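Chemist:
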Amino acid sequence: MNSMSTIPPTSSPPTVSPAPPGYVYRARLFEDFGGPEWYWLLVGNLLALIPLAAAVLLLWLPYQLYAALGAPLALFAAPAWPPPIFWLVGAGIIVGSMLLHEALHGLALIRLGYHPRLKWASGYFYATIQPGEYLTRRHYLIMVLTPIVSMTLGGTILLLLLPVPIGQGLLIALLLNAAASIGDLFVADRVRRWPAATLFGDVRGIKVFVPGSAPAQADAAAGVVDQNAKGDLHTEVALDTDPQARV
63 MNSMSTIPPT
73 SSPPTVSPAP
83 PGYVYRARLF
93 EDFGGPEWYW
103 LLVGNLLALI
113 PLAAAVLLLW
123 LPYQLYAALG
133 APLALFAAPA
143 WPPPIFWLVG
153 AGIIVGSMLL
163 HEALHGLALI
173 RLGYHPRLKW
183 ASGYFYATIQ
193 PGEYLTRRHY
203 LIMVLTPIVS
213 MTLGGTILLL
223 LLPVPIGQGL
233 LIALLLNAAA
243 SIGDLFVADR
253 VRRWPAATLF
263 GDVRGIKVFV
273 PGSAPAQADA
283 AAGVVDQNAK
293 GDLHTEVALD
303 TDPQARV
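Under the working numbering, the residue at position 10 of the sequence shown is numbered 72, and the numbers go up by one with no gaps.
#1: Run the CB neighbour count on Gln126, radius 10 Å, all protein chains shown included, and call it buried at 16 or more, exposed below.
#2: Within the chosen definition, does the stretch 139-152 reach the stretch 257-275 through at least 3 CB pairs nearer than 8 Å?
#3: Can you tell me whether Ile172 is buried or exposed? The criterion is at least 16 other CB atoms within 10 Å of its CB, across all chains shown.
#4: In terms of residue numbering, what span does the beta strand (DSSP E) encompassing Phe271 cover?
#5: Across the stretch 203-212 and the stretch 238-251, are there enough close Cβ pairs to call them in contact, namely three or more that are closer than 8 Å?
#6: Rounded to a whole number of angstroms, what is the C-alpha to C-alpha distance between Tyr188 and Glu164?
#7: With burial defined as no fewer than 16 other Cβ atoms inside 10 Å of the residue's Cβ, what is the status of Tyr101: buried or exposed?
#8: Between which two residues does the beta strand (DSSP E) harbouring Phe262 extend?
#9: Leaving out the 5 sequence neighbours to the left and right, which residues in its chain are closer than 6 Å to Phe148 when beta-carbon positions are compared?
#10: Run the CB neighbour count on Val253, radius 10 Å, all protein chains shown included, and call it buried at 16 or more, exposed below.
#11: Compare the beta carbon distance of Pro273 and Gly97 with 8 Å and say whether it is the shorter of the two.
#12: If you draw a straight line from the alpha carbon of Asp264 to that of Gly132, how long is it in whole angstroms?
#13: What residue range does the beta strand (DSSP E) around Tyr176 cover?
#14: Rank Ala115, Leu150, Ile210 by C-alpha distance to the C-alpha of Leu162 and give the top, closest one.
#15: Secondary structure at Asp294, three-state DSSP: helix, strand or coil?
#16: Hey, quick one: how far does the beta strand (DSSP E) through Arg254 stretch, first residue to last?
#17: Can you tell me which of the three DSSP states Phe95 falls into?
#18: Which ranges would you report for the beta strand (DSSP E) in the stretch 150-236 if only whole runs of at least 3 residues count?
#19: Determine the extent of the alpha helix (DSSP H) in which Ala89 is found, giving its start and end residues.
#20: Quick check on Pro257: does DSSP put it in helix, strand or coil?
#21: Any idea what DSSP makes of Leu131, helix, strand or coil?
#22: CA-CA distance, Ala110 and Ala117?
#23: Where does the unbroken alpha helix (DSSP H) through Leu111 begin, and where does it stop?
#24: Could you compute how far the alpha carbon of Pro80 sits from the alpha carbon of Val157?
#25: How many Å lie between Ile219 and Leu237 at the Cα?
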């Protein structure tokens with residue numbers, strides 16, 4: 063891969079909306095990612111084992127001990143439902159967690175003053191900003207990390223208050239959410255490498271804009287990007303089994 067200094071900045075490349083005042087277009091966020099999309103789907107799912115393993119250690123194992131103690135903080139006893147009902151409730155919790163994950167991205171954008179929209183790419187819906195809006199680096203990091211942080215913390219509290227049969231279903235949803243958040247974590251890692259003044263827009267993929275007077279700082283801070291990378295793979299979606307190409 064070539065360094066970012068090989069990419070001449072331009073204020074309005076063919077596939078990018080005009081840069082915000084005082085900024086120039088620098089690169090796609092994932093411009094150095096070439097190759098077929100199936101490859102990144104495979105890599106993303108393998109990398110998802112890392113947050114999944116962390117969630118098993120930090121959530122699953124402690125909860126099994128808590129369940130063995132009889133869930134002393136549960137607010138009510140386990141319902142006398144037949145097994146099929148418990149399975150349906152568990153499935154509903156899992157599906158609901160997927161919807162909540164994306165809704166939290168949107169709510170974070172609203173709270174930060176943006177106008178979120180749902181976008182379809184690589185077989186997934188995901189929340190992003192409107193054309194013509196630009197995320198600051200700080201806002202991008204807040205938005206992309208909101209679901210994994212809030213759902214893990216909130217879900218952990220709920221685990222303590224629910225009866226074990228329902229709690230086990232919630233626990234599975236939290237484990238899956240942790241694994242699916244690999245795309246969010248990967249995007250956050252890419253975003254944090256850029257200078258604090260960087261802006262990000264979503265026009266045919268995530269585009270990076272830097273202050274017109276500071277391309278050199280962007281080169282030093284953002285790492286490497288391949289000028290010859292082909293296509294916009296929406297890699298941030300491909301890496302997240304629950305949409306990840308998010309702004």
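Beta carbons: idealized from backbone N, C-alpha and C, even for Gly.
Computed from a predicted structure; not experimentally measured.
Modeler: By the coordinates alone:
#1: Exposed is the call here.
#2: These segments do not touch.
#3: Here Ile172 is exposed, its C-beta having fewer than 16 other C-beta atoms within 10 Å.
#4: Per DSSP, Phe271 belongs to the beta strand (DSSP E) from 268-273.
#5: Short answer: they touch.
#6: The straight-line gap from Cα to Cα measures roughly 6 Å.
#7: Classification of Tyr101: exposed, given that the 10 Å Cβ count is below 16.
#8: Unbroken beta strand (DSSP E) run through Phe262: 261-264.
#9: Cβ within range, chain order: Pro227.
#10: It counts as buried.
#11: Taking 8 Å as the Cβ cut-off, Pro273 and Gly97 do not qualify as a contacting pair.
#12: Cα to Cα, Asp264 sits roughly 49 Å from Gly132.
#13: Bounds of any beta strand (DSSP E) do not take in Tyr176, whose DSSP letter is neither H nor E.
#14: Taking only the C-alpha atoms, the option nearest Leu162 is Ile210.
#15: With a pLDDT of 37 at Asp294, under the threshold of 50, the modelled position of that residue is not reliable, and no figure is offered here.
#16: Not the beta strand (DSSP E): Arg254 falls in the alpha helix (DSSP H), residues 244-254.
#17: Here Phe95 sits in coil by DSSP.
#18: Counting whole runs of 3 or more residues, the stretch 150-236 contains the beta strand (DSSP E) stretches 179-183, 186-190.
#19: For Ala89, no alpha helix (DSSP H) segment is defined; the enclosing uninterrupted segment is the beta strand (DSSP E) at 85-90.
#20: When DSSP states are grouped into helix, strand and coil, Pro257 belongs to the coil group.
#21: It is coil, neither helix nor strand.
#22: Computed Cα separation, rounded: 11 Å.
#23: Boundaries of the alpha helix (DSSP H) around Leu111: 111-117.
#24: Cα to Cα, Pro80 sits roughly 39 Å from Val157.
#25: In this structure, the straight-line span from the alpha carbon of Ile219 to that of Leu237 is close to 15 Å.
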